Amino acid sequence: MNIEQLKYIVEVAKTRSITTAAQNLHVTQSGISRAIASLEDELGIYFFKRTRLGAEPTVEGKEMIQHAKEIVIKLQEFEEKARKKQKELKISAIFGLCNTLLLDAFQSFHESQRHIKVDIEEDSTEEIIEGIKQGKIHAGLIHIYESMHKEHDDLLFKVLFDSKVHVLVNRHSPLASLEYITPYDLSNYPIVIYNSKYVVQFFQELSNKYAPNKILFATNNTDIIEKTVAEGRAINFILDPALKNGQVMWNKLIVSKPFMIDHNPVKIPMGYVVSKNNSSKSVKAFLNIIQNQMKSYYK
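According to my numbering, the sequence shown is numbered sequentially starting from 15.
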């Protein structure tokens, strides 16, 4: 017994015709006849009898056809839900990655998965994690810290690469003349940061270990961040992918400098986060593209 046989007897019962059922299901008439005959032999009952009105269900057949109909309806509901889930993919990323890594990954993904609608949006690390937990987001591209594994044991975090950190300053700032910038250079300059508890923790650790820094304010509005740096009111930090893809340098008033400690570039682990229960093929395909992209990007 198989699901196709059940679909055949349901359609024949509905149309009262093997010929019409074959046309509706886009199969041959002989194919339906053989499938039904095979099922009848297997179960030891006849589903239909031929009358002048067409193929009429037998007494035994009526009861079994009703059960088959219920199974077919449930299967159709299952297939419809599966199609809806597969047709939509929601990906979110922290500031600096939507217009770079995710955009490039989307273009590659769309070439082979045109039937799937992809939504890409930018948000803070906290909002991305919460969105994945609530099932509103399928995957997120974020900074990854060791504490996250303990805080969120229902999620899977995977580091893809270590991103270098750069400092954005006004071109007339004394910092613009330096070859690179250290935590000690920051103590006299206000900083505007992206609004995230993990970003705050990063700067707090720098302040505790090296020299106190001054957070002017935190915001998720990238236009305000740009304006603040361009006007020389504060400095900002940005990740390597944004620089490599030319997202920064919005105007000639902003320059970037490597952020270094003990002559070594400061790096932050970057990667993706998904639910441990996520089994979507489209999500895995998209993340594979991201992963392969990173291998070539940082080779």
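C-beta: ideal position from N, C-alpha, C; glycine also.
Please read these numbers as outputs of a predicted model, since none were measured by experiment.
So, residue 19 versus residue 59, is the Cβ gap smaller than 8 angstroms?
As a working mapping, residue 19 is identified with position 5 in the sequence shown. As a working mapping, residue 59 is identified with position 45 in the sequence shown. No, they are not a contact pair.
Just confirm the distance between the C-beta atoms of residue 204 and residue 248, as a whole number of angstroms; I'd bet it's less than 8 angstroms.
Here residue 204 is taken as the residue at index 190 of the sequence shown, counted from 1. Here residue 248 is taken as the residue at index 234 of the sequence shown, counted from 1. About 4 angstroms; that satisfies the 8 angstroms criterion.
Helix, strand or coil, according to DSSP, for residue 41 in the structure here?
One-based indexing of the sequence shown puts residue 41 at position 27. Coil, per DSSP.
Can you tell me where the beta strand (DSSP E) with residue 183 in it begins and where it stops?
What you label residue 183 is simply residue 169 of the sequence shown in a count that begins at 1. Residues 169–184.
Sort 202, 304 and 181 by Cα distance to residue 195 and report the nearest one.
Within the sequence shown, the letter at position 181 stands for residue 195. That would be 181, whose Cα lies nearest to the Cα of residue 195.
From the beta carbon of residue 43, is the nearest beta carbon of chain B less than 8 angstroms away?
The structure shown has no chain B; it contains just one protein chain.
Taking buried to mean at least 16 other C-beta atoms within 10 Å of its own C-beta, is residue 254 buried or exposed?
Counted from its first residue, the sequence shown places residue 254 at position 240. Looking at its Cβ environment, which holds 16 or more other Cβ atoms inside 10 Å, residue 254 is buried.
Simplified DSSP state of residue 272, which is helix, strand or coil:
Start at 1 with the first residue of the sequence shown, and residue 272 comes out as number 258. In the structure shown, residue 272 sits in a strand (DSSP, three-state: E or B).
Are residue 168 and residue 289 touching if we call contact CB-CB under 8 angstroms?
For the purposes of this step, residue 168 is taken as residue 154 along the sequence shown, with counting starting at 1. For the purposes of this step, residue 289 is taken as residue 275 along the sequence shown, with counting starting at 1. In contact: residue 168 and residue 289 (Cβ atoms closer than 8 angstroms).
Please report the straight-line C-alpha distance between residue 124 and residue 230, rounded to a whole angstrom.
Along the sequence shown, one-based indexing puts residue 124 at 110. Along the sequence shown, one-based indexing puts residue 230 at 216. Between residue 124 and residue 230, the C-alpha separation is close to 41 angstroms.
If I'm right that residue 282 touches residue 126 with Cβ under 8 angstroms, what's the distance once you round it to whole angstroms?
Your numbering for residue 282 matches position 268 in the sequence shown. Your numbering for residue 126 matches position 112 in the sequence shown. Going by Cβ atoms, the distance from residue 282 to residue 126 rounds to 31 angstroms, so no, they are not a contact pair.
Which residues bound the beta strand (DSSP E) around residue 287?
Counting from one through the sequence shown, the residue named residue 287 turns up at place 273. 281–289 is the extent of the beta strand (DSSP E) around residue 287.
For residue 278, does the three-state DSSP call read helix, strand or coil?
Numbered from 1 along the sequence shown, position 264 holds the residue referred to as residue 278. Here residue 278 sits in strand by DSSP.
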